[in-house]
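Participant:
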Amino acid sequence: MGPDFRFILRVLGSHKWLIAAIVVVLTGLSALGVSTLKDQYTSEALLLVDNRQVRVVREVEQVVGAIPTEDAAILSEIEILKSPQVLNQVVNDLQLAQHPEFNPPAQEDETLPLVERAVAYGRGLADRFWDGAPPAPVAWLLSHGDEVAQDIRAREAHAALGNDQIIARIHRKLDVAIVGRSRVIQVRFTSKEPQLSRDVVDGIVRRYMETRQQMDRDLSTSAISWLQDRIVLLRKEVAEADAKVEEARVKGGLLKGGTGLMAQNELEQTRLRLSEASAIRARSVAQADTLERNLKAGNWNAIGGSIASPVVAQLRATVAAISTEMAQLSRQYGPKHPRIVELQGRLNEANSSLQQEIRREINGVREAAQVAVEQETALRTMITRMEGSYATMQEQAIPLRTLESEATAKRQLLDSLLGRLEEVEAQKDSRAFPAAVKLVSAPQVPHEPSGPFRVLLLLAGFVAALALAIFSVFGLELLQRRIHTPDAVRRILGVGTVHIVPHHSDRGAKGRLYKIFQRHPFSLFSESLRALFRNHLSDLGPVGALAVTSARPQDGKTSLTLAVAQVASQAGRRVVVVDTDFRRSRMEGLFDLSTKKGLSDWIAGDATLDEIVHTSDDVPFAMVPAGKLNPMTLDRFNVDSLVQLMAGLSPSFDLVVFDTAPALAVSDARIVCGAASKVLFVTRWGHTTASDLDAVADLGPIDHSKFVCVMTDVNLKKAASKGYQGPYNSYVATRKYYGDQTLRAAP
0 MGPDFRFILR
10 VLGSHKWLIA
20 AIVVVLTGLS
30 ALGVSTLKDQ
40 YTSEALLLVD
50 NRQVRVVREV
60 EQVVGAIPTE
70 DAAILSEIEI
80 LKSPQVLNQV
90 VNDLQLAQHP
100 EFNPPAQEDE
110 TLPLVERAVA
120 YGRGLADRFW
130 DGAPPAPVAW
140 LLSHGDEVAQ
150 DIRAREAHAA
160 LGNDQIIARI
170 HRKLDVAIVG
180 RSRVIQVRFT
190 SKEPQLSRDV
200 VDGIVRRYME
210 TRQQMDRDLS
220 TSAISWLQDR
230 IVLLRKEVAE
240 ADAKVEEARV
250 KGGLLKGGTG
260 LMAQNELEQT
270 RLRLSEASAI
280 RARSVAQADT
290 LERNLKAGNW
300 NAIGGSIASP
310 VVAQLRATVA
320 AISTEMAQLS
330 RQYGPKHPRI
340 VELQGRLNEA
350 NSSLQQEIRR
360 EINGVREAAQ
370 VAVEQETALR
380 TMITRMEGSY
390 ATMQEQAIPL
400 RTLESEATAK
410 RQLLDSLLGR
420 LEEVEAQKDS
430 RAFPAAVKLV
440 SAPQVPHEPS
450 GPFRVLLLLA
460 GFVAALALAI
470 FSVFGLELLQ
480 RRIHTPDAVR
490 RILGVGTVHI
500 VPHHSDRGAK
510 GRLYKIFQRH
520 PFSLFSESLR
530 ALFRNHLSDL
540 GPVGALAVTS
550 ARPQDGKTSL
560 TLAVAQVASQ
570 AGRRVVVVDT
580 DFRRSRMEGL
590 FDLSTKKGLS
600 DWIAGDATLD
610 EIVHTSDDVP
620 FAMVPAGKLN
630 PMTLDRFNVD
640 SLVQLMAGLS
650 PSFDLVVFDT
660 APALAVSDAR
670 IVCGAASKVL
680 FVTRWGHTTA
690 SDLDAVADLG
700 PIDHSKFVCV
710 MTDVNLKKAA
720 SKGYQGPYNS
730 YVATRKYYGD
740 QTLRAAP
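All residue numbers for the sequence shown refer to numbering that gives the first Met the number 0, where the first residue is 0 and numbers rise by one.
#1: Nearest to ALA30 by CA position, among ASP639, LEU455, ASP605, VAL638, is which residue?
#2: What residues match up with MET710 in a beta bridge as DSSP calls it?
#3: Given a threshold of 16 other Cβ atoms within 10 Å of its Cβ, counted over all protein chains shown, does LYS761 qualify as buried or as exposed?
#4: Can you list, in chain order, the residues of its chain with a C-beta nearer than 7 angstroms to that of ALA240? Leave out the 5 residues immediately preceding and following it.
#5: Considering only residues of the same chain and omitting the five flanking positions on each side of THR560, which have a CB-CB separation below 7 angstroms?
#6: Under 6 angstroms Cβ to Cβ from LEU420, same chain only, skipping five residues before and after it: list those, please.
#7: Pairing CB atoms from the stretch 486 to 497 with CB atoms from the stretch 75 to 86, are three or more of them under 8 angstroms?
#8: Please report how far the alpha carbon of VAL90 lies from the alpha carbon of ARG229, in whole angstroms.
#9: For the putative contact between PRO445 and SER196, defined by C-beta atoms under 8 angstroms, what is the C-beta separation to the nearest angstrom?
#10: Look at the alpha carbon of ASP712 and the alpha carbon of SER527, and state the distance between them as a whole number of angstroms.
#11: In the DSSP assignment, what are the bridge partners of GLN185?
#12: Would you mind sorting MET631 into buried or exposed? The rule is 16 or more other CB atoms within 10 Å of its CB.
#13: Could you check what DSSP says for GLN443 in three-state terms: helix, strand or coil?
#14: Measure the alpha-carbon distance for GLY626 versus PHE581 and round it to whole angstroms.
#15: Hey, how far is the Cα of ASP691 from the Cα of MET710?
#16: How should LYS514 be labelled, buried or exposed, when 16 other C-beta atoms within 10 angstroms of its C-beta is the threshold for buried?
#17: Around the C-beta of ARG206, are 16 or more other C-beta atoms found within 10 angstroms, so that it is buried, or is it exposed?
#18: Cα separation between ALA646 and ARG481?
#19: Who are VAL655's beta bridge partners in DSSP?
#20: Taking DSSP as the reference, what is the three-state secondary structure of THR289?
#21: Return the chain-ordered list of same chain residues with a C-beta closer than 6 angstroms to the C-beta of ALA468, the five sequence neighbours on each side being excluded.
#22: By DSSP, does GLN39 sit in helix, in strand, or in coil?
#23: Output needed for ASP609: all residues of its chain with C-beta closer than 6 angstroms, excluding positions within five of it in sequence on either side, in chain order.
#24: Buried or exposed for TYR40, please, with buried defined as at least 16 other CB atoms from any protein chain shown within 10 angstroms of its CB.
#25: Select from LEU36, ALA621, ALA660, GLY131 the residue whose C-alpha is nearest the C-alpha of LEU648.
#26: Grouping DSSP H, G and I as helix and E and B as strand, with all else coil, what is ARG330?
#27: In the structure shown, what three-state DSSP assignment does ARG338 receive?
#28: State buried or exposed for GLY363, treating a residue as buried only when at least 16 other CB atoms are found within 10 Å of its CB.
#29: Excluding the five sequence neighbours on either side, which residues of its own chain have a C-beta within less than 6 angstroms of the C-beta of ALA371, listed in chain order?
#30: For ILE670, which residues from the same chain have a beta carbon less than 8 angstroms from its beta carbon, with the 5 sequence-adjacent residues on both sides left out?
#31: Within the stretch 592 to 672, note down every full beta strand (DSSP E) run reaching 3 residues or more, in order along the chain.
#32: Exposed or buried, ILE203, counting other C-beta atoms within 10 Å across all chains shown (16 or more means buried)?
#33: The alpha helix (DSSP H) that contains SER568, what's its start and end?
#34: Between GLY493, LEU438, ALA675, which lies nearest to GLN212 when the distance is taken from Cα to Cα?
#35: Taking the continuous alpha helix (DSSP H) assigned at LYS81, which residues delimit it?
#36: Grab the span of the alpha helix (DSSP H) containing ASP538 for me, first residue to last.
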């Protein structure tokens, strides 16, 4: 749900004069304060940060110099611009210590004479009244005043020793910042005098440039001195390292590019030969094993196919040709044919020759495998011998490599420092390389004031005053704890509906609502009472009991009791009003019943029902006053006694209305509410508080079947103008409807 703008506008409208008063007063004070402000003048200068800066080599960063990032470099320049060293020189150059705008606070401080006069005056009064012996609190105040005066005097003496206070004032008016994302620094200073603002900016920039150039020169000089010393030392260290390397080579017999490298290459080649010999040996042994297995199995064809020999291949071809020819002739002539016998002889001869050749090849394969095994064994022996020799050489070469690495590192460092020395010496000449920061725009004397912006300040004061006024109005609304809306009653008590009884002013009635109902039967007030009775109280049955109570006194409980009794009587009911507020009975004063017997007398047994029921010519209903208060009455007052009372009154009356005491004051109201058929709970608009309702809710659960809540004395016009949520928005329409003066009075 969004904000209720109509409610906001109504609240603001209802407090428009308060808002106007706050706005006028605060805006006037703002205008008075703005009118006393003096014109301010601002002068500025622009500086460009150059990337070509003197690179400083620190001893901890000998190889790679520390180059700051661009943002860090610009921020560093800003801190130098605002440093006390630069500002102290500006203060001395411009003699700002004698300028009234920059006098130390101690010279302008008028608190010291006031404190001294106050302490002296107080001490004189103490001596006059107490003859020099004042009480301990007075003596402590006087001594504390002396301490304050001494502290101020000490601050004045401290401020006279230096320019700290002047520098602090310059800082408050000095603005040094980076322009956008550029490398340009803007220096601005604001003063009451145009020439002074220009002089301060010019002095800051000039002294900063001198300080920066001197820093570069000093930095370059110290860097050159350190580099030269370091280079001399490094040259000696490089020479000593080279000598140690040569000595180690000669001692170990390891010449650069000589024996050590050749031994390593020979070992690698031998290992390569061993790998080849292992492969040959594996193939030869595998082939010999295969041929041996086939030979034992008599598989000559498989043996012949696995031997790569031209003789074996030719013999196998001859055997195949003879076998083919014999197969062809056998089908034609039979095995006894001379040609077949001849071919058989040739075939046997060829097979014999093939077997002899295969055996020769197998023997050759066996010999080759044996040779491969012997060669592999020889190479392994050679490698073992060479590795032992090479390990000895490696042990001797480890110190040599270490010395060579140290010598190389020192030589590289020496070359780096030599290059850095040349660079720093070249940058030392400021005529060839200007300073790291260049002046882009010199400060000028401002002709127009830069502030204060009086119109904007006045507008800001007006806006602030308006915001404060609105905040104050809504703060008052939120801080109000008095009940103004039916929603608040429903939320706290948990009731369903709250009946509204509007306020009606009648001087002759003097707050007696039943008289208002008699004199103005057609008013909005009277109609609301009729609606209350018809909607909530007409279903009490032939004989009903209605208890009227409230949270606190002066909520209009008794007035509404009499008004409801008036409405019910005019509706044809026989009504009797019973006053159960023994402590503060109001009915006795309204109808002059204080001398007559009442409810307390009947409870005590000192009177009958007929003796305590009284009538009056002013009202159409009967009344039972509370009577005199005594302890016996309070002890015997309970639900049973009320039931007996209603039973005794039922033959003569249709409705019994109980006017009870406030529910939060005493427990009598809860007794009456427990015995009644309906409970009419009265809250007064703008009088009953939320705390009262919270306390009522804490008394116990509410029987919503007989609980009727009424809000009385509601000022509909005021509620509608303030924007309270509820049935108040219909006030305009109802006012027009009931605006006819002929309906205001009874005919």
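For each residue, glycine too, the CB sits at the ideal point set by N, CA and C.
Facilitator: This is what the structure gives:
#1: The shortest Cα separation from ALA30 among ASP639, LEU455, ASP605, VAL638 belongs to LEU455.
#2: MET710 is bridged to ILE499, THR682.
#3: Residue 761 is absent from the structure shown; the chain starts at 0 and stops at 746.
#4: Excluding five sequence positions before and after ALA240, the CB atoms of its chain that fall closer than 7 angstroms to its own CB belong to LEU402, GLU405, ALA406, LYS409, given in chain order.
#5: VAL547, VAL576, VAL656, ASP658.
#6: Only residues of its own chain outside the window of five on either side were considered, and among them LEU226 have a CB closer than 6 angstroms to the CB of LEU420, listed in chain order.
#7: The stretch 486 to 497, when compared against the stretch 75 to 86, does not touch it at the 8 angstroms Cβ threshold.
#8: As the crow flies, the alpha-carbon of VAL90 is around 42 angstroms from that of ARG229.
#9: Distance from PRO445 to SER196 at the Cβ level is roughly 6 angstroms; contact confirmed, criterion being Cβ atoms closer than 8 angstroms.
#10: If I take the Cα positions, the gap works out to 11 angstroms.
#11: DSSP lists LEU45, ALA176 as partners of GLN185.
#12: Of the other Cβ atoms in all chains shown, fewer than 16 fall within 10 Å of the Cβ of MET631; this residue is therefore exposed.
#13: Residue state, collapsed to three classes: coil.
#14: The straight-line gap from Cα to Cα measures roughly 7 angstroms.
#15: Going by the C-alpha atoms only, they are around 14 angstroms apart.
#16: Flag for LYS514 reads buried.
#17: A buried status is given to ARG206, since no fewer than 16 other beta-carbon atoms sit within 10 Å of its beta-carbon.
#18: The straight-line gap from Cα to Cα measures roughly 40 angstroms.
#19: VAL655 is bridged to ALA544, VAL575.
#20: Helix, per DSSP.
#21: So the qualifying residues of the chain are ILE18, ILE21, VAL22.
#22: The DSSP-derived three-state label of GLN39 is strand.
#23: No residues qualify anywhere along the chain.
#24: Result: buried.
#25: The shortest Cα separation from LEU648 among LEU36, ALA621, ALA660, GLY131 belongs to ALA621.
#26: It is coil, neither helix nor strand.
#27: Note: ARG338 maps to helix in three-state DSSP.
#28: GLY363 comes out exposed.
#29: Closer than 6 angstroms at Cβ, skipping near neighbours: ILE279, ARG280, SER283.
#30: Excluding sequence neighbours, ILE670 sits near PHE636, ASN637, VAL638, LEU641.
#31: Listed in chain order, the beta strand (DSSP E) runs fully inside the stretch 592 to 672 are 621 to 623, 654 to 658, counting runs of at least 3 residues.
#32: Counting Cβ neighbours within 10 Å, ILE203 comes out buried, since at least 16 surround it.
#33: Its alpha helix (DSSP H) spans residues 556 to 569.
#34: By alpha-carbon distance to GLN212, the top candidate from GLY493, LEU438, ALA675 is LEU438.
#35: Looking at the DSSP string, LYS81 is not in any alpha helix (DSSP H), and its letter there is neither H nor E.
#36: Unbroken run through ASP538: none, as it is neither H nor E.
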